[in-house]
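Colleague:
2 protein chains.
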Amino acid sequence: MAKPAGKDRTEAGEVRKRLLAAATDLFASKGYAATTVREIVARAGVTKPALYYYFHSKEGIYLHLMREPLRGFLSHIGSVLSGGGTARERLARLCLCAYDDFVMNLPLARVMYSIYYGPPQGAPFVDFDAAQRQFQDSITRVLEEGIRRGEFRGGNASDMMWAVVGAVNVAMELELCRPSQSVGRKGIERMLEILFGGIARRKGEAKGKGKRA
Amino acid sequence: MAKPAGKDRTEAGEVRKRLLAAATDLFASKGYAATTVREIVARAGVTKPALYYYFHSKEGIYLHLMREPLRGFLSHIGSVLSGGGTARERLARLCLCAYDDFVMNLPLARVMYSIYYGPPQGAPFVDFDAAQRQFQDSITRVLEEGIRRGEFRGGNASDMMWAVVGAVNVAMELELCRPSQSVGRKGIERMLEILFGGIARRKGEAKGKGKRA
DNA sequence: GTCTATATTGAGATAGAC
DNA sequence: GTCTATCTCAATATAGAC
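Protein chains in written order, with the numbering used here: chain V, 969 to 1181; chain W, 969 to 1181.
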């Protein structure tokens, strides 16, 4: 057989993935410092040398954990930026892309928040701000493009960017901390619609205009 | 002298405040679990029994730390809600009030974020979500009022609320994590203006309309 | 090598003098 | 109200049996 799918035959990269998943869950629930290599390998159902073979150290597995999805995120952003469509469409795609990546990696997001906001845990440095900045720059660029093309009103693109980022962050943090109240992708789209159209009733506009709730 | 101001004379409540400030700073920088009672009293320049006299325990000082400002925040919100003005004015006051409280208690905010997002640290439970919910409810109420009065367009008040909360959160988190990029109160006001007026250019509107950047 | 029993440390908390 | 001195306890480190 060219593609052995039996369960007794360990797939290539299978152990590696199990180790990453185990580490993510443990880092998320107990924190980086409190998680021992022993626990990671136990949960992954492998032995210590396996972890050291693939990742060299606890720090190593942590860095792999962080960097791979971060790189993925940045590359997705790049794809969206180079795609076509109106500024508004591109902006929505950018936000939804970020949200999707976040939701697809919720346990990892938990680790990131825990490291970013939590107490020092001796974890090696990862430049979260750089990724965040890149996301913000992308949004700003699309906004400026929209203004230049006359698709958006003039104004401070930086302020618009923060408002957009705020909406996306809210959706992410709801998913992370209060999933029962999560607004989801649709929620992001509705918030963007509000951002584009405004909350205030316009002069002469029929009362009750806008999307009915 | 009726009001002794000398330095050798300990003011009433002075020790208490110093203990609270010391605990806040240490919890913020090292985390709750890693901070010892000894460090707190050392930084406050007093001895252990003083802490136990005022706060009964390490958990006690933590709870005082959290609850007093939270109560203050909720009471400020209440005042704003009972105040007058248009819905838009009230909404702005609500957001700025929350932001001011946050900025006035930055070190405490750091502790809250650390506890909320960080790894388990054995700190006693504080219901941050309840305060957050109350803030959200207040905003929602003002938004619904604005819609009812025809000041705002119809629409989903909940979505509008999240957009507003997102803007306020962004301003807070910038202040917390990247103060150099902070947008400040003015930034919140500008974001609200964007939320009210919308980003999209309106049909027939002169290009470049809106506040010039 | 692994395991368990014991020492040591350092934490939170207290009693009683002043 | 504050301090000196002390207590209790749990986690950690270590040592010695197996």
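C-beta: ideal position from N, C-alpha, C; glycine also.
Source: prediction; values computed, not measured.
Going by Cα to Cα distance, which pick from V:R1035, V:F1023, V:L1111, V:F1164 is closest to F1093 of chain V?
Modeller: V:R1035
Colleague: Given a limit of 9 angstroms on CB to CB distance, which residues of the region 1124-1138 of chain V reach chain W?
Modeller: N1124, A1125, S1126, D1127, M1128, W1130, A1131, V1132, V1133, G1134, A1135, V1136, N1137, V1138
Colleague: Mind listing the chain W neighbours of M1159 of chain V? Cutoff is C-beta to C-beta under 8 angstroms, in chain order.
Modeller: D1127, W1130, A1131, G1134
Colleague: For A1018 of chain W, I'd like the list of residues in its chain whose CB is within less than 8 angstroms of its CB, leaving aside the five on either flank, ordered along the chain.
Modeller: For A1018 of chain W, the CB contacts under 8 angstroms within the same chain, skipping 5 residues up- and downstream, are V983, L987, V1009, A1012 in chain order.
Colleague: In or out: Y1021 of chain W buried (at least 16 other Cβ within 10 Å) or exposed?
Modeller: exposed
Colleague: Going by C-alpha to C-alpha distance, which of V:V1136, V:A1055, V:S997 sits closest to V1151 of chain V?
Modeller: The shortest C-alpha separation from V1151 of chain V is found at V:V1136.
Colleague: Give me the Cα-Cα distance between D976 of chain W and T1003 of chain W, rounded to the nearest whole angstrom.
Modeller: Here the model assigns D976 of chain W a pLDDT of 41, short of 50, so the residue's position is not dependable and the matter cannot be decided.
Colleague: In angstroms with no decimal places, state the Cα-to-Cα distance between M1072 of chain W and P1037 of chain W.
Modeller: 10 angstroms
Colleague: Kindly provide the ranges of any beta strand (DSSP E) runs that are 3 or more residues long and lie completely inside the region 1025-1054 of chain V, ordered along the chain.
Modeller: Fully enclosed beta strand (DSSP E) runs of 3 or longer: not present.
Colleague: Where does T1015 of chain V land, buried or exposed, given buried means 16+ other C-beta within 10 angstroms?
Modeller: exposed
Colleague: Under a Cβ-count criterion, where at least 16 other Cβ atoms within 10 Å of its own Cβ denotes burial, should S1043 of chain W be classed as buried or exposed?
Modeller: Classification for S1043 of chain W: exposed.
Colleague: Does F1164 of chain V have its Cβ less than 7 angstroms from a Cβ in chain W?
Modeller: yes
Colleague: Do the region 1076-1092 of chain W and the region 1148-1162 of chain W meet, that is, are 3 or more Cβ pairs less than 8 angstroms apart?
Modeller: no
Colleague: In angstroms with no decimal places, state the Cα-to-Cα distance between H1024 of chain W and G981 of chain W.
Modeller: Going from the Cα of H1024 of chain W to the Cα of G981 of chain W covers about 16 angstroms.
Colleague: Would you say A1168 of chain W reaches chain V, if we count a Cβ-Cβ gap shorter than 7 angstroms as a contact?
Modeller: yes
Colleague: For S1106 of chain V and chain W, any beta-carbon pair shorter than 7 angstroms?
Modeller: no
Colleague: If we call anything under 7 angstroms between Cβ atoms a contact, is A1131 of chain W one with L1163 of chain W?
Modeller: Yes, these two residues count as a Cβ contact at 7 angstroms.
Colleague: Would you mind sorting A970 of chain V into buried or exposed? The rule is 16 or more other CB atoms within 10 Å of its CB.
Modeller: Confidence at A970 of chain V is low in this model, with a pLDDT of 41, below 50, so the placement of that residue should be treated as unreliable; the coordinate-derived value is given next. Exposed: under 16 other Cβ atoms inside 10 Å.
Colleague: With 9 angstroms as the limit, tell me which residues of the region 1112-1124 of chain W have their beta carbon closer than that to any beta carbon of chain V; keep them in chain order.
Modeller: Per Cβ criterion, the list reads G1114, I1115, G1118, E1119, F1120, R1121, G1122, G1123, N1124.
Colleague: Kindly list, in the order they appear in chain W, the residues whose Cβ is closer than 8 angstroms to that of S1082 of chain V.
Modeller: Y1085, G1086, P1087
Colleague: Put A1168 of chain W into one of helix, strand or coil per three-state DSSP.
Modeller: strand
Colleague: Looking at the structure shown, is F1023 of chain W part of a helix, part of a strand, or coil, going by DSSP?
Modeller: helix
Colleague: With DSSP as the reference, label F1093 of chain V as helix, strand or coil.
Modeller: coil
Colleague: May I have the straight-line CA-CA distance separating R1170 of chain W from C1063 of chain V, to the nearest angstrom?
Modeller: 23 angstroms
Colleague: To the nearest angstrom, how far is it from the Cα of Q1100 of chain V to the Cα of M1129 of chain V?
Modeller: 12 angstroms
Colleague: In the region 1020-1037 of chain V, which residues sit with their C-beta less than 9 angstroms from some C-beta in chain W, listed in chain order?
Modeller: Residues of the region 1020-1037 of chain V with a C-beta less than 9 angstroms from any C-beta of chain W: none at all.
Colleague: Measuring straight from C-alpha to C-alpha, what distance separates K985 of chain V and R1116 of chain V?
Modeller: 46 angstroms
Colleague: Among residues of its own chain, excluding the 5 on either side of T1007 of chain V, which ones have a beta-carbon nearer than 7 angstroms to its beta-carbon?
Modeller: Per the sequence presented here, residue 1007 of chain V reads as Glu, with Thr not at that position. The residues are L994.
Colleague: Tell me whether I1029 of chain W, by its Cβ, gets closer than 6 angstroms to a heavy atom of the ligand SAM.
Modeller: Within the structure as shown, the ligand SAM is missing, as the structure has no ligands at all.
Colleague: Less than 7 angstroms separating the beta-carbons of V1110 of chain V and R1058 of chain V?
Modeller: yes
Colleague: State the start and end residues of the unbroken alpha helix (DSSP H) segment that holds V1133 of chain V.
Modeller: Segment 1125-1145, the alpha helix (DSSP H) holding V1133 of chain V.
Colleague: Whose C-alpha, out of V:T992, V:A996, V:G1123, V:T1054, is nearest the C-alpha of C956 of chain V?
Modeller: Any question about residue 956 of chain V goes unanswered here, given that chain V covers just 969 to 1181.
Colleague: To the nearest angstrom, report how far apart V1079 of chain V and G1053 of chain W are at their CA atoms.
Modeller: 44 angstroms
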